Every structure is written in C-alpha cells, then in structure tokens.
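This report refers to the structure that appears directly beneath it.
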Amino acid sequence: MPEESHHFWEALLQREQQGTLRVLREKTEGIDFYSNDYLGLARSKEFSEILLQKVTENPQLLSGSTGSRLISGNSPVVTETEEYIARKHRFPTALLFPSGYNANLALFSTLPDRHDTIVVDEQIHRSVHDACRMSNARKVKFRHNDTDHLETLLKKHEGRCYVAVESLYSMEGDVAPLREISELSRKYGAHLVVDEAHSFGVFGYGMVDAYELQDYVTAVVVTYGKALGAHGAAILCSDTVKAYLVNFASPFIYTTSAQDYQWMAIQMGYDYLEAQSGLAEKLQQNIKTFRNQNIKTPSSPESPVQAVVIPDNRKLKMVQEALTREGILTYAIYSPTVKQGTERLRVCLHSFNTDKEIIQLTDIIKEFI
Numbered sequence: 000m001p002e003e004s005h006h007f008w009e010a011l012l013q014r015e016q017q018g019t020l021r022v023l024r025e026k027t028e029g030i031d032f033y034s035n036d037y038l039g040l041a042r043s044k045e046f047s048e049i050l051l052q053k054v055t056e057n058p059q060l061l062s063g064s065t066g067s068r069l070i071s072g073n074s075p076v077v078t079e080t081e082e083y084i085a086r087k088h089r090f091p092t093a094l095l096f097p098s099g100y101n102a103n104l105a106l107f108s109t110l111p112d113r114h115d116t117i118v119v120d121e122q123i124h125r126s127v128h129d130a131c132r133m134s135n136a137r138k139v140k141f142r143h144n145d146t147d148h149l150e151t152l153l154k155k156h157e158g159r160c161y162v163a164v165e166s167l168y169s170m171e172g173d174v175a176p177l178r179e180i181s182e183l184s185r186k187y188g189a190h191l192v193v194d195e196a197h198s199f200g201v202f203g204y205g206m207v208d209a210y211e212l213q214d215y216v217t218a219v220v221v222t223y224g225k226a227l228g229a230h231g232a233a234i235l236c237s238d239t240v241k242a243y244l245v246n247f248a249s250p251f252i253y254t255t256s257a258q259d260y261q262w263m264a265i266q267m268g269y270d271y272l273e274a275q276s277g278l279a280e281k282l283q284q285n286i287k288t289f290r291n292q293n294i295k296t297p298s299s300p301e302s303p304v305q306a307v308v309i310p311d312n313r314k315l316k317m318v319q320e321a322l323t324r325e326g327i328l329t330y331a332i333y334s335p336t337v338k339q340g341t342e343r344l345r346v347c348l349h350s351f352n353t354d355k356e357i358i359q360l361t362d363i364i365k366e367f368i
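Mind the numbering: the sequence shown is residues 0 to 368 in numbering that gives the first Met the number 0, read in order.
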C-alpha cells in the first residue's frame with residue numbers, strides 16, 4: 000500500500016473509533032425532522048408541477064450553460080434573475096452562485112487582503128473559515144453573539160476590518176443581535192457581511208430586510224437550498240462590490256455557470272413563497288408546539304432549528320437510535336464536532352410536520368433527559 004494511502008486509512012480509522020466517520024447513505028423514508036426543507040417546497044407537488052410546466056414550455060432551460068459567465072454562460076435568464084432578486088431584497092444588485100459555499104468563498108477570499116482583519120462569530124459557517132484561509136487576511140473569532148467581545152476586538156483592529164455573522168445559526172438555532180452588530184460595525188468603520196442561509200424564507204426575505212439594515216451591510220448571502228427548496232445562492236451588494244467580485248473572485252470567474260433551469264427555479268420559488276405566505280405561519284405554529292413540550296433548548300423561540308443538548312455521546316446515540324426505530328429522522332451532533340458536554344440532537348421543524356409527529360418526537364426525547 001502506498002505511504003499516502005496508509006495515512007488516509009489511519010485518519011479514517013481514527014474517525015471510525017471516535018464515532019465521527021462520515022458515510023454517504025441513501026435518503027431514508029420517515030418523519031422528517033432533519034432536512035432544511037423548512038417550508039416544504041422541495042416536497043411540494045404543486046411547486047414541482049409549476050416548475051415542470053415551465054420546463055415543458057421552455058425545454059432549453061435544461062441545456063448546459065456551456066461555460067463560465069465571463070465566457071459563454073451569462074444568459075438572459077441569469078441576468079434577469081439577479082435583477083429580480085435585487086429588487087425583492089431592496090439592494091442595488093445581486094450576483095448568483097451555484098451554492099452558498101461558493102458564494103462565501105468568493106466574498107471572503109476576495110474582498111479582504113493580507114493587510115485586513117476578518118472578525119467572525121465563532122459559530123459561523125465552515126465555508127467562511129475556509130475562505131478566510133484563502134484570503135490571507137488575519138482572522139479573529141468573537142464569542143458567539145457576544146457584542147461586548149465583538150466591540151473589544153473592533154477597538155483593537157488595524158486597517159480594514161470585516162465582520163462576518165449569520166442571522167440565524169444552524170447549530171445552536173439562535174438569532175444574531177443584528178441591530179447591535181450593525182451599529183458596532185458602523186461605529187468602528189467595519190464592513191458587515193451577513194449570511195442569511197437559514198433565515199431567508201423563514202423570516203420573509205431575511206432579517207436584514209426585516210430590520211431594514213441594507214445601508215449597514217457590505218454584503219448579504221442568501222441561499223436557496225433550504226426554505227426555497229431549490230439550489231444556489233446570491234450575494235446582495237453594491238454595484239462596485241459586484242464588479243470587484245466579477246473581476247477578482249476566482250470561485251466566480253473559474254466556475255461553469257449552472258443551467259438556466261436552476262436560476263429560473265429560484266425566481267419561481269420567490270413567486271411561490273409570496274403566494275403561500277401561510278407556510279411560514281404554519282412553521283411558526285409547529286415551532287410553538289415543540290417549545291410547549293418543555294424541552295430545554297438554547298435555541299431562539301422562533302427558530303426552525305431547535306437544539307436539544309444531550310451532553311454524552313453514548314446517551315445521544317441511544318436517543319437517535321430510539322427515534323430511528325420509530326421512523327423519526329433527526330441529526331445527532333457528537334463531540335468532537337461540538338465541544339464535549341454540548342453534544343446535541345439537532346431538530347429541524349417544518350411547515351408540514353403535524354402536531355402528532357411533534358409530540359411523538361418530544362415524548363421519546365423526554366425518556367432520556
């Protein structure tokens with residue numbers, strides 16, 4: 000066996016022994032408390048039929064883009080979709096990407112340079128951490144949602160500074176104090192970037208829009224693989240930032256553009272959400288039903304992600320196995336993925352979950368806590 004293969008095998012064996020080995024599995028049928036399909040668009044037959052009709056009338060939407068957007072992949076559909084998104088979110092412009100990961104890579108590997116500082120919430124998406132390494136900028140973490148600690152760091156920074164936060168965190172299920180963070184960023188001349196991956200659709204067009212903070216942020220990342228039930232992401236920003244990314248962001252420049260179908264599905268997803276405003280209301284009702292079962296959680300009361308802390312890998316595994324036996328699908332997060340003592344069951348609530356399903360879920364959890 001070649002030496003490098005032996006190294007790979009040892010690393011995988013170590014993960015297996017720790018119980019953290021990742022394995023691809025076929026999608027399982029069951030009661031969904033683990034997907035990001037918060038409003039049920041990905042499973043909606045009605046929405047699927049609307050998309051199918053559009054493709055039937057315009058089969059060219061399924062054709063490959065043939066190249067990057069700077070060569071042959073910049074179709075009228077993608078341009079129209081960007082303009083549509085910018086209007087909806089009340090931003091000057093938008094720039095589409097195949098995924099949220101790509102969007103974050105583009106932003107944080109391009110805007111800051113080696114003389115700059117990026118101050119990130121310690122629970123920010125992994126894609127931001129990866130992008131910070133690509134940028135060569137100095138990265139500093141502040142304690143999760145701790146605005147006092149953030150201000151201490153902002154006082155110390157030299158040169159340009161970027162602040163990176165999520166509006167709704169997917170691991171803890173809590174909401175960022177965006178108003179305070181935006182005020183601090185403005186006070187210290189920092190560029191604020193907000194990731195709205197888990198808040199878009201759940202809270203209208205996201206929390207930046209809800210709080211009318213467009214003038215306080217340098218960029219917002221909105222993703223479409225969660226509440227919208229599609230795929231892709233957009234960076235909302237100024238015309239200058241967009242032009243800079245188009246010219247200098249490698250993850251944008253050297254990526255083949257997606258099919259026009261992907262962009263059209265995003266645009267139609269916005270229209271569908273507007274016509275189905277009751278979905279977000281039903282989601283909030285289901286979150287309230289879960290919270291009324293008196294299960295302790297650090298998550299915000301309006302968040303579709305409810306973290307149930309079960310501080311022991313062995314007990315956590317027992318809980319998940321008990322749920323799986325009843326056909327209930329959840330996602331357990333073990334240490335060392337999270338700090339020891341903070342192991343948790345990540346429960347994702349959706350508009351389509353029933354009261355009976357939620358109570359069945361919580362009754363089983365209560366047997367172990």
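The beta-carbon is built from N, C-alpha and C at its ideal position, and this holds for glycine as well. Predicted model only: the values in this text are computed from it and were never measured.
Which of helix, strand or coil DSSP assigns to residue i
| i | result |
| --- | --- |
| L61 | helix |
| F199 | coil |
| V337 | coil |
| V174 | strand |
| T222 | strand |
| V308 | strand |
| I363 | helix |
| A229 | coil |
| I385 | Residue 385 is absent from the model: the chain starts at 0 and stops at 368. |
| L20 | coil |
| S47 | helix |
| S350 | coil |
| I368 | coil |
Residue i, buried or exposed, once every other Cβ within 10 Å from all chains shown has been counted against 16
| i | result |
| --- | --- |
| W262 | buried |
| Q292 | exposed |
| A242 | exposed |
| H376 | The displayed coordinates of the chain run from 0 to 368. Any statement about residue 376 would go beyond what the structure contains. |
| Y37 | buried |
| Q305 | buried |
| Q17 | exposed |
| V346 | buried |
| Y253 | exposed |
| D147 | exposed |
| D259 | buried |
| P335 | exposed |
| A105 | buried |
| K87 | buried |
| N352 | buried |
| A209 | exposed |
| D354 | exposed |
| K225 | buried |
| F247 | exposed |
| D31 | buried |
| N57 | exposed |
Bridge partners - residue i, DSSP secondary structure assignment
| i | result |
| --- | --- |
| Q13 | Answer by DSSP bridge pairing: none, since Q13 is not bridged. |
| T116 | R137, C160 |
| H190 | Y161 |
| A331 | L344 |
| L167 | V174 |
| A126 | Note that residue 126 is Ser in the sequence shown, not Ala. DSSP output for S126 lists no bridge partner at all. |
| L110 | Its beta-bridge partners do not exist; DSSP assigns none. |
| I30 | I327 |
| I180 | According to DSSP, which records beta bridges pairwise, I180 is partnered with nothing at all. |
| L235 | A93, V219 |
| S4 | DSSP lists no partner for S4. |
Cut-off 7 Å between Cβ atoms - residues of its own chain near residue i, not counting five sequence neighbours on either side
| i | result |
| --- | --- |
| A136 | P111, D112, R113, D115, T116, I117 |
| I84 | A93, A233 |
| D173 | N144, P297, S298, S299, S302 |
| P310 | G340, T341, E342 |
| I368 | I309 |
Contacting residues, own chain, Cβ-Cβ under 6 Å from residue i (five flanking each side not counted)
| i | result |
| --- | --- |
| E150 | L183 |
| M0 | For M0, the predicted structure reports a pLDDT of 49, less than 50, and the residue's modelled location is therefore unreliable. A value from the coordinates is still provided. Same-chain partners within the cutoff: there are none. |
| S373 | Nothing about residue 373 can be reported from this structure: the residues present for the chain run from 0 to 368 only. |
| A229 | Y223, A264, I265, G268 |
| F46 | L40, Y271 |
| S71 | T65 |
| P250 | N101, L104, A105 |
Own chain, CB closer than 8 Å to residue i, minus 5 neighbours either side, in chain order
| i | result |
| --- | --- |
| C160 | D115, T116, I117, V118, L153, Y187, G188, A189, H190 |
| N73 | S256 |
| E371 | This structure does not reach residue 371, given that the chain is present from 0 up to 368, and the question cannot be answered. |
| Y164 | Going by the sequence as given, residue 164 is Val instead of Tyr. Excluding sequence neighbours, V164 sits near V119, D120, I123, A175, L177, I180, L191, V192, V193, D194. |
| H128 | V119, K138 |
Worksheet item: Residue ranges of each alpha helix (DSSP H) run of no fewer than 4 residues wholly in the region 237 to 306, ordered along the chain?
Response: Counting only runs of 4 or more, we get 238 to 247, 249 to 252, 259 to 274, 277 to 290.
Discussion item. Extract the residue ranges of the alpha helix (DSSP H) inside the region 70 to 102, only unbroken runs of 4 or more that lie entirely within it.
Written reply: 75 to 88
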